[in-house]
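A.B. asks: For the sequence shown, full-length UniProt numbering assigns the number 199 to the last residue and increments by one with no breaks. The structure is given below, and queries will be raised subsequently.
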Amino acid sequence: MRSDNTDGYLRLSKLHFDLGEADESLNTIRECLKLDPDHKPCFSHYKKVKKLAANVKAMNEFATENQFKECAEKARAALKQETENVNMIHVIKSKLCHCLTKGGDASEAITVCSEALKIYPEDVNVLCDRADAHLNNENYDEALNDFKRAAQLDEHSNRAEEGIKRTQKLEKQSKKRDYYKILGVPRNANKKEISKAYR
């Protein structure tokens, strides 16, 4: 690419954006503005991408640090900013699905995961996240279906294979006397919730 090719940088940045790559899009559009700080189309695209890229980056960092509530907040903020780009929406909803599942909000996670799967039905990670959310809700059949579908799509997916085994084990355990159910608390209840229910 020629060093004075602002239009080339703009096209490349838009391509990254269309592919759901916010950070790469931002870096590329900055190159355009380095060449011509007054380039109106580049500046317009820069304003659009900058805030979205910041939210997507923060969302990913919070997910990596297991701060799932904060991750979900950033994902929701990013979804408010981007309503048209299907690939970008899929990237954000996939991460929101993951954070809601890990954060224990199973019902909303199932909804968001399903929305992400409408965009890209063969996303193995989203299928596994939705399966985990189903497990959190003790919906063993749905969880097993999602894990099996993920295993069909990626036969090398350890997560899917382990998920199938874990689901079958949990379903078998659920048929035994269930003290969680007797106490009226979910399986993922903490010690404090269990003690409170026991009284």
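Where is the CB? At the ideal position from N, CA and C, for every residue including glycine.
If you scan the segment 125-178 from start to end, which runs of the alpha helix (DSSP H) of 4 or more residues do you find wholly inside it?
C.D. replies: Taking only runs of at least 4 residues, the alpha helix (DSSP H) segments lying wholly in the segment 125-178 are 140-153 and 158-174.
A.B. asks: On the DSSP letters alone, give me the boundaries of the alpha helix (DSSP H) that VAL91 sits inside.
C.D. replies: 86-103
A.B. asks: Let me know the secondary structure DSSP gives ALA77 once reduced to three states.
C.D. replies: ALA77 falls in the helix class under three-state DSSP.
A.B. asks: Determine, using beta-carbon pairs with one atom in the segment 90-99 and one in the segment 115-123, whether at least three such pairs fall under 8 Å.
C.D. replies: yes
A.B. asks: Please report the distance separating the alpha-carbon of GLN81 from that of ARG159.
C.D. replies: 32 Å
A.B. asks: Within 10 angstroms of the Cβ of ASN66, are there 16 or more other Cβ atoms? Answer buried if so, exposed if not.
C.D. replies: exposed
A.B. asks: Within 10 Å of its beta-carbon, does VAL86 have 16 or more other beta-carbons around it, so buried, or fewer, so exposed?
C.D. replies: exposed
A.B. asks: Tell me the DSSP secondary structure of MET1 in three-state form.
C.D. replies: For MET1, the predicted structure reports a pLDDT of 43, less than 50, and the residue's modelled location is therefore unreliable. The matter cannot be settled from this model.
A.B. asks: Pop quiz: ASN136 and ALA106 are said to be a contact at Cβ under 8 Å. What is the actual Cβ separation, rounded to whole angstroms?
C.D. replies: 4 Å
A.B. asks: So LEU144 packs on THR167, CB below 8 Å; how close in whole Å?
C.D. replies: 5 Å between Cβ atoms; contact.
A.B. asks: What first and last residue would you give for the alpha helix (DSSP H) that runs through GLU24?
C.D. replies: Annotation: the continuous alpha helix (DSSP H) that includes GLU24 extends over 22-35.
A.B. asks: Considering only residues of the same chain and omitting the five flanking positions on each side of LEU183, which have a CB-CB separation below 7 Å?
C.D. replies: ILE194, ALA197 and TYR198
A.B. asks: Determine, using beta-carbon pairs with one atom in the segment 24-41 and one in the segment 59-78, whether at least three such pairs fall under 8 Å.
C.D. replies: Three or more beta-carbon pairs separated by less than 8 Å are not found between the segment 24-41 and the segment 59-78, which leaves the two stretches without contact.
A.B. asks: So the alpha helix (DSSP H) GLU122 belongs to, where does it begin and stop?
C.D. replies: Here GLU122 belongs to no alpha helix (DSSP H), and DSSP marks it neither H nor E.
A.B. asks: Around the C-beta of THR83, are 16 or more other C-beta atoms found within 10 angstroms, so that it is buried, or is it exposed?
C.D. replies: exposed
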